[in-house]
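In the working numbering, the protein residues as written are 23 to 1075.
Virtual Cβ for every residue (Gly too), placed ideally from N, Cα, C.
Worksheet: the structure to be examined is printed underneath.
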Amino acid sequence: MPFSPAQLEAIQIRNKNVIVSASAGSGKTSVLVQRLSTLVIQDRISIDSILAMTFTNDAASEMKDRLKQDLLKQKQKNPEDAYLSNQLTLLETASICTIDSFCQNLVKTYYYKIPISLTMATTVGSASQIRKAMTKAYQRATQQISVKDYMECKLYFQSFGKKEEDIQKTIEQMIQTGQSKPHMDQWFSLISNHFDTIQEESLNWFFQYFTEKMISMIEILDSMIDKVNDMEFKKESQKMAMLSRLEKKREFNSICLKPLKEKNYDEFRKIFIASINLTENIPGTINKIKMKEKDNYLSFQKDISNVLYPWPQFINDIENQKSLVHTLISLCKYTCIFFAEEKKQQEFIDFNDMEHFALLLLEDQSIQEELQTKYNEILIDEFQDTNELQETIVSKFCRKNNVFRVGDIKQSIYGFRQAKPSIMKEHMKSTSNYDKALVLKENYRSNQSIIEFNNDFYEKLMNSNLLGTQFEEVDIAKVGMESQKDSLAHPIRFLYSCIDEIKESYDLSYPEAKKYSLVNRYHLMAKSILKDIQNGRNYKDICILLRNRNQLDDIKTCLESYSIPVFAQVTNGFFTNQAVQIVCACLSCLNNPYDDIQLIACLCSGLFEISYEQISQVCKTKNRNASLYETIKDCDFMIPFHTFRKQKEKVIPSLIRQIYRYNDFYENHTSSQDKTNLDYLLEKAVNYPDLLDIDGFILEIEEESKLDIIGQANAFGKEENVVRIMTMHASKGLQFPVVYILSSNEMKKRTGIVSIDSDLGIALQYLDYPHRLKRKSLFSLAFETKAIHEELMEEMRILYVATTRAKEELIFVDAIKSESDYESSLNTQALLSFKSYTSWLFHIYRNENTIQFIKDNHLYEVEEKEPVNIKIPVLKYQKEESVFTSFAASQTKLKTGWPSFESNDSAMNRGTLFHEMAGLLDYPYLKEKVIQYAKMNSYVMSNKDLDQFLSLNENKLYKKWMRLNHQFELSYIVLKDEMVLHGYMDLVIFDTDITILDFKTDALNEMELVETYKEQLITYKEALQKIYPDSKISTVLYSFYLKKVIPVVESES
């Protein structure tokens, strides 16, 4: 498809800072890649002189792949072109990456200037490591502030029913917000200054709180006045009296707006109180008609009345909170200091470090100049999701006219990551001669009816008196191709049930009716999808989009009951899968049966099928201090468990397979989803470094389960013919012929005792200890108002992302309370009612034909069918099984006798460390690297240690071997006399003959060493001889103590 004039301009423009506003479906990715390709191939700007930053690693990989294809095509046309060959070579190391990766590479290059170690610069901490380090840092921080201040902080949180972990969570959130700033200390100073002098922006939001609620009350009164005007009264005087009553109320409310506009709080307070005292209440019924508006009106009135404190009280509350605020800031600062120390000690960085270290390095003029010289062109994708820190980083090394930014403010949906769409807005407004703003308006994705719907809907939704103008003329999309106009136009549909009507029809209570109606949404989708299939659609044409993952499992279960295959990719929940929990419980109690919870989970599962009644009968006479295992271990029903426990010495994968086979657990007691998860658990076990360390494996599983960051495995691949279910966030950048949106009618109102805002700082609710009262502060009201505006705008953008994924059909699904709830237009009071997508659509289109609203109040039941899933084949071993002993060669050196009381951990750690350094560090070994590696493993190298280890550099044989083909830690596993020999050989050298070398740190003479380790090396040799039967194999020891190579077994044929 040829590029449009607007796309070509974006591809070809040079020597400008370009900002491209690219609406959904406008082909921005193609434009970005084509610009990159043109720069490299036509302009002959080498790929290593270009920096292209993407939002995700997948996007970076896709960009590289597309550029590679273009280069290969050009190479076929010009096979002798050395420049193209060079570009293909450079492509793998090209700076096409996320901003995190760019920053990390910068840190790796200049780590010594920060300064940190190379190990730290190249090691990104795991989620578990970071969590532990942060917790330890916070705990250390609490010890740095006075007991009085800490207890004041703790009392404050406890007064709201919060615990210690909630204080830590608040501190972490404050730090996270500060880390999105170029200089976090400045943000902490902003918080302090905010409580010393009230900033104008906070005052504006404070008055906005009252203003928008007054406007909502006026809108409600206008609606009631219109209704009364349309009513027929028995007497005209009754009608006029009611109108007079409502209009007087409205007049007082309108007067309240003037002092709010002038920011005269005392005057507003006086008029508002007078409006309540001098006017009659809103009637609940008028002319025998119930007025629903009354409740809404009183709700807004209450929101104002509850916080209408005297102005001096607001000021006094701020003054009284300063001490607590300074304590929170101190905790943040100390936590940051100690967190940095913990990371430096453990030698790892996190993602925030990457960007902050990069900015620190870019303060260096020489590094700035180096990058300015290196990068002729800078390309930034998804620019709407940039934060202040990232924008500052790029500004440090870009030239005045070499940055190409592309994004869509309407798709900025990462506010929780401190993304600032306002940054892109400012670039769009720039009038500098170096800057150029372009707009891509053509949509090449959706058919004409969907494009027109999205234009109309978001123009009405995103532009309001409350939120201002978010959808401008430049945002109106145009049809990109004639074929989009010619494609079959499907109506935009909204499938819904009405809760009030279901309540009456089925004689249910309201909570019951609501519960069943919400579940019924999944059935409405399922039945509609089956019709789509009957009409020729494939399952893979269809995608269901959700606001969050909460309903994912229920939807999946419902669709599978209709034999609809489903692919649902989630990022958590693996460890909450019941089958995985049972197997993990079994592993745990096989290793340690004294954990009562794990034991009972194991015994009462499908594995051992012991009933709760059997256990409870025995426990009636249980000793209070005895464990469950001690109580029931001698019972007959425990015999299978004891028998099974005897196999716990097996390697972990074998043990897990044995659990799967036991009592046909895998085959007969798990669903297809369970089987897929269990397959993944087995894969984790196979990849675990030490297959005999069941304690370590269980500990790792426990740590990962606490974080719950692993998604459930899925039996379907991404290309299977299945219905996709995903979140709206995850759908960004994707497209589907048919999109179902599980709509929502409610927004969660965020409540918290500490509000955090990246621009304003923090706000706390006020506690009046003498009167045991809590109340909202001036800052709380300001922050709350600003947060509502930002959340509404982001929710609109999230919905925009969802609806623009559809190519041909768009269907919404939900349950509503009553159609009468949406009689008004989408005005201020409707937006502030904390309703969401469904409310917006019904308010805007209920009385129009733009959307086809289809009501279905029939409650469907789950059809009893087998869930559809790909059958996971279970490979069963068909040959005769044999029992053998597992044996490691290192066991040959074990001697019988009394064990020594003293632990020899340090000697063992030293030996292990020497082995690791020999294999992992570059040869010849550098003293600095040796010391650094030892420190990373909590070992301090003495001069004697260094002398012994570095002796390898001087050994002539070792020097020779390092030049030959060799392998450290060579694993082997062979069968000898029905015994499995397995283990690792320290070093194997492959020359004409094979040499096995074993490192030893023992302080023994030659004869003692040979005597001690001869059997072990003979075992190594016999094992390797089975693998290389025609090779001559010799074995040697290297004694660090003696600094020499010692032959052990002569070479034999």
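Look at the alpha carbon of P101 and the alpha carbon of E114, and state the distance between them as a whole number of angstroms. Residue 101 sits at position 79 when you count from the first residue of the sequence shown. Residue 114 sits at position 92 when you count from the first residue of the sequence shown. If you take the alpha carbons of P101 and E114, they lie about 20 Å apart.
Where does the unbroken alpha helix (DSSP H) through C1077 begin, and where does it stop? Given a span of 23 to 1075 for the chain in the structure shown, any question on residue 1077 remains unanswerable.
Out of D779, A163, I415 and R683, state which residue places its alpha-carbon closest to the alpha-carbon of C358. Against the sequence shown, residue 358 aligns to sequence position 336. The alpha carbon of C358 has as its nearest neighbour, out of D779, A163, I415 and R683, the alpha carbon of A163.
Going by the DSSP bridge assignment, what does D92 pair with across the sheet? Against the sequence shown, residue 92 aligns to sequence position 70. D92 pairs with nothing; no bridge assigned.
Is Q900 helix, strand or coil by DSSP? Your numbering for residue 900 matches position 878 in the sequence shown. Note that Q900 scores 43 on pLDDT, short of 50, meaning its location in the model is unreliable; the coordinates nonetheless yield the value given after this. Reduced to three states, the DSSP call for Q900 is coil.
What does a CB cutoff of less than 8 Å around E742 pick up in its chain, not counting 5 residues either side in sequence? Residue 742 sits at position 720 when you count from the first residue of the sequence shown. The beta carbon of E742 is closer than 8 Å to those of K562, P587, F589 and I892 in its chain, skipping five residues each way along the sequence.
Between I564 and F834, which are expected to be in contact by the criterion C-beta below 8 Å, what is the C-beta distance as a whole number of angstroms? As a working note, residue 564 is residue 542 in the sequence shown. As a working note, residue 834 is residue 812 in the sequence shown. Not really, about 14 Å apart at Cβ, beyond 8 Å.
Range covered by the alpha helix (DSSP H) that runs through C420: Stepping through the sequence shown from its first residue, residue 420 is reached at position 398. Here C420 belongs to no alpha helix (DSSP H), and DSSP marks it neither H nor E.
From I242 to K249, what distance separates their C-alpha atoms? Residue 242 sits at position 220 when you count from the first residue of the sequence shown. Residue 249 sits at position 227 when you count from the first residue of the sequence shown. Answer to the nearest angstrom: the Cα atoms are 11 Å apart.
Rounded C-alpha distance that separates K12 from M815: Here the chain has residues from 23 to 1075 only, and residue 12 is not among them.
Which residue wins for smallest C-alpha separation from D779, given the options Y762, K754, I810 and S753? Reading the sequence shown from its first residue, position 757 is the one you call residue 779. It is I810.
Looking at the secondary structure, which residues open and close the beta strand (DSSP E) in which F875 lies? For this step, residue 875 is matched to residue 853 along the sequence shown. It spans I873 to K877 - the beta strand (DSSP E) in which F875 sits, taken as one unbroken run.
Contact set for G3: own chain, Cβ-Cβ below 7 Å, skip 5 residues either direction: Limits of the chain in this structure are 23 at one end and 1075 at the other, which puts residue 3 out of reach.
Tell me whether L916 is buried or exposed, calling it buried when 16 or more other Cβ atoms sit within 10 Å of its Cβ. For the purposes of this step, residue 916 is taken as the residue at position 894 of the sequence shown. Residue confidence is low: L916 scores 39 on pLDDT, short of 50, so the model does not pin down where it sits. Its coordinate-derived value is still stated next. Under this definition L916 is an exposed residue.
Residues near Y132 in its chain [Cβ-Cβ closer than 6 Å; skip 5 each side]: Sequence index remark: in the sequence shown, residue 132 carries index 110 (1-based). So the list reads L383, once near-sequence residues are dropped.
Quick one: which unbroken alpha helix (DSSP H) runs of 4-plus residues sit fully inside the segment 482-536? Chain order, please. Counting only runs of 4 or more, we get 504-508 and 521-527.
Buried or exposed: where does W333 fall if 16 or more other Cβ atoms within 10 Å of its Cβ makes it buried? Residue numbering aside, residue 333 sits at position 311 when the sequence shown is read from its first letter. So W333 counts as exposed.
For L756 and D656, the rounded distance between their alpha carbons: Within the sequence shown, numbered from 1, the residue matching residue 656 stands at position 634. Within the sequence shown, numbered from 1, the residue matching residue 756 stands at position 734. Rounded to whole angstroms, D656 to L756 spans 60 Å at the Cα level.
Can the beta-carbon of I340 be found less than 8 Å from the beta-carbon of L381? As a working note, residue 340 is residue 318 in the sequence shown. As a working note, residue 381 is residue 359 in the sequence shown. Going by C-beta atoms, I340 is not nearer than 8 Å to L381.
Cα-Cα separation between L574 and V541, rounded to whole angstroms: Along the sequence shown, read from residue 1 onward, the residue named residue 574 stands at position 552. Along the sequence shown, read from residue 1 onward, the residue named residue 541 stands at position 519. Spanning the two alpha carbons is a distance of roughly 12 Å.
Tell me whether V962 sits in a helix, a strand or coil according to DSSP, three-state version. As a first step, residue 962 must be located in the sequence shown, where it is residue number 940. Note: V962 maps to coil in three-state DSSP.
Please work out which residues of its chain come closer than 8 Å, Cβ to Cβ, to T22, disregarding the five sequence neighbours upstream and downstream, and give them in chain order. Since the first residue shown for the chain is 23 and the last is 1075, residue 22 is missing from the structure and cannot be characterised.
Suppose you measure from the CA of Q29 to the CA of M239; what does that come to, to the nearest Å? Counting from one through the sequence shown, the residue named residue 29 turns up at place 7. Counting from one through the sequence shown, the residue named residue 239 turns up at place 217. In a straight line, the C-alpha of Q29 is about 48 Å away from that of M239.
How should L94 be labelled, buried or exposed, when 16 other C-beta atoms within 10 angstroms of its C-beta is the threshold for buried? Locating residue 94 in the sequence shown gives position 72, where the first residue counts as 1. Residue environment for L94: exposed (fewer than 16 other C-beta atoms within 10 angstroms of its C-beta).
On a Cα-Cα basis, can you pick out the residue from G628, P137, Y882 and D171 that is closest to Y544? Sequence index remark: in the sequence shown, residue 544 carries index 522 (1-based). Comparing Cα-Cα distances from Y544 to each of G628, P137, Y882 and D171, the minimum goes to Y882.
Note down, in chain order, each residue of its chain lying with its Cβ closer than 8 Å to the Cβ of V745, except the 5 sequence neighbours on either side. Position 723 of the sequence shown, counted from the first residue, corresponds to residue 745. Around V745: I551, Y561, K562, I564, C565, I566, L581, I586, P587, V588 and F589.
On the DSSP letters alone, give me the boundaries of the alpha helix (DSSP H) that I41 sits inside. As a working mapping, residue 41 is identified with position 19 in the sequence shown. That residue, I41, is in no alpha helix (DSSP H); its beta strand (DSSP E) goes N39 to A44.
Tell me the rounded alpha-carbon separation between V673 and S434. Along the sequence shown, read from residue 1 onward, the residue named residue 673 stands at position 651. Along the sequence shown, read from residue 1 onward, the residue named residue 434 stands at position 412. When only Cα atoms are considered, V673 and S434 end up about 49 Å apart.
Output needed for S610: all residues of its chain with C-beta closer than 7 Å, excluding positions within five of it in sequence on either side, in chain order. Here residue 610 corresponds to residue number 588 of the sequence shown, with the count starting at 1. Only D617, Q620 and I720 meet the Cβ criterion.
Do you know whose CA, among T141, H348 and M262, lies nearest Y172's CA? By one-based count along the sequence shown, residue 172 stands at place 150. Selected option, being the one with the closest Cα: H348.
Between the CA atoms of I723 and N699 - distance to the nearest angstrom: For the purposes of this step, residue 699 is identified with residue 677 of the sequence shown, where counting begins at 1. For the purposes of this step, residue 723 is identified with residue 701 of the sequence shown, where counting begins at 1. N699 and I723: Cα-Cα distance of roughly 14 Å.
Considering just the uninterrupted stretch of the beta strand (DSSP E) at Y762, what are its terminal residues? Translated into positions along the sequence shown, residue 762 becomes position 740. Start and end: F758 to L764.
Considering only C-alpha positions, which residue in the set K829, N690 and E534 is nearest to Q506? Counted from its first residue, the sequence shown places residue 506 at position 484. Taking the Cα of Q506 as reference, the smallest distance to any Cα among K829, N690 and E534 is reached at K829.
Just to confirm, are I1068 and Y1042 a CB contact at a threshold of 8 Å? Residue mapping note: residue 1068 aligns to position 1046 of the sequence shown, counting from 1. Residue mapping note: residue 1042 aligns to position 1020 of the sequence shown, counting from 1. No, Cβ-Cβ distance for I1068 and Y1042 is not below 8 Å.
Buried or exposed: which applies to I866, given that a residue is buried once 16 or more other Cβ atoms fall within 10 Å of its Cβ? Translated into the one-based positions of the sequence shown, residue 866 becomes position 844. Label assigned to I866: buried.
Beta-carbon separation of F361 and A82 under 8 Å? Position 339 of the sequence shown, counted from the start, is the residue given in the question as residue 361. Position 60 of the sequence shown, counted from the start, is the residue given in the question as residue 82. No, the pair does not count as a contact, with Cβ atoms beyond the cut-off.
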